[in-house]
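This report refers to the structure that appears directly beneath it.
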Amino acid sequence: MTKDEALKKAFKQAFQLGQDYWYQADHEYESQNKKSDVTRAKFEQLMEDAIKEALAHRTWVGLTDEEIDDLSRTMVKGNKSVNWLCQAIEAKLKEKNSA
1 MTKDEALKKA FKQAFQLGQD YWYQADHEYE SQNKKSDVTR AKFEQLMEDA
51 IKEALAHRTW VGLTDEEIDD LSRTMVKGNK SVNWLCQAIE AKLKEKNSA
C-alpha cells in the first residue's frame, strides 16, 4: 500500500470513528456514552499510526554515482554553468524522491 493509499484509508476510518464518537457521546444511554472513551482512544491511536506511516515513507533517495557522472559529463560537454548543474541535480532528486 502506498503512502497516499494508507493515509486515505486512515482518514476514512478517522471520519467514521468521529461519527461513532459523537453518536456515543451524545447518546442518552449511559452504556453508549461510556463507549465514547474507547472510540476516542481508537481515533487517537489511528492518527498516531497514520502519522508514523506517512513519515516512514519519507526516505531520502540520493543520486547514484552514474547519475552524478552523467550530470558532470553533460555540464562539461555543454559548457554549462554551476547554476544549471544545481538545477539539474535538484530536478533529478525531485524526480527520484516523488516516485
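Using my numbering, read the sequence shown as starting at 1 and increasing by one per residue. Glycine is no exception: its CB is placed at the ideal position from the N, C-alpha and C atoms.
Span of the alpha helix (DSSP H), counted from its first residue to its last, around Y29: Your numbering for residue 29 matches position 29 in the sequence shown. Counting along the chain, Y29 falls outside any alpha helix (DSSP H), and DSSP gives it neither H nor E.
Taking buried to mean at least 16 other C-beta atoms within 10 Å of its own C-beta, is A41 buried or exposed? Taking the first residue of the sequence shown as 1, we reach residue 41 at position 41. Result: exposed.
Option in E48, Y29, L63 with minimal Cα separation from A56: As a working note, residue 56 is residue 56 in the sequence shown. Residue E48 is the option with its Cα nearest to A56.
If you follow the alpha helix (DSSP H) that K94 is part of, which residue opens it and which one closes it? Residue 94 sits at position 94 when you count from the first residue of the sequence shown. In the DSSP assignment, K94 falls within the unbroken alpha helix (DSSP H) covering 82-98.
Quick one: give me the first and last residue of the alpha helix (DSSP H) that L71 is part of. Within the sequence shown, the letter at position 71 stands for residue 71. Residues 65-77.
Is T100 buried or exposed, if buried means 16 or more other CB atoms sit within 10 Å of its CB? Outside the displayed span of the chain (1 to 99) sits residue 100, for which this structure offers no information.
Just to confirm, is the Cβ distance from L85 to M75 under 8 Å? The residue labelled residue 85 in the question sits at position 85 within the sequence shown. The residue labelled residue 75 in the question sits at position 75 within the sequence shown. Yes, the pair counts as a contact, with Cβ atoms nearer than the cut-off.
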